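In this note's numbering, the protein residues as written are 171 to 265.
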């Protein structure tokens, strides 16, 4: 029987990953983000979302199909796929 060694990241590997700081979004910016998300939902307007991730910022282009204010998330359709995106991951929205 042959053994296979799997490589697991070491603490040094994890420390070496760059960490992006999440920008602080003020109330006025959140209102503008809300307007753009609502415009995408009601007007079927494509938007570009910039999403926060600790290691990189991610951009998605698509449409909002649901805004769930209770769960604080949106359902976002892009590239023949969709996902639920938490409000706290959204950094910006452009139409």
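By construction, the Cβ of each residue, glycine as well, lies at the ideal position given by its N, Cα and C atoms. Predicted model, so just to flag it, every value in this text is computed and none were measured.
Three or more pairs of CB atoms, one per stretch, sit closer than 8 Å, so the segment 251-262 contacts the segment 193-204. When rounded, the separation of the alpha-carbon atoms in residue 239 and residue 211 is 13 Å.
Around the beta carbon of residue 236, fewer than 16 other beta carbons lie within 10 angstroms, which makes this residue exposed. Among the bridge pairs identified by DSSP, residue 247 is matched with 233, 252. In the structure shown, residue 226 adopts extended strand secondary structure according to DSSP, grouped into three states.
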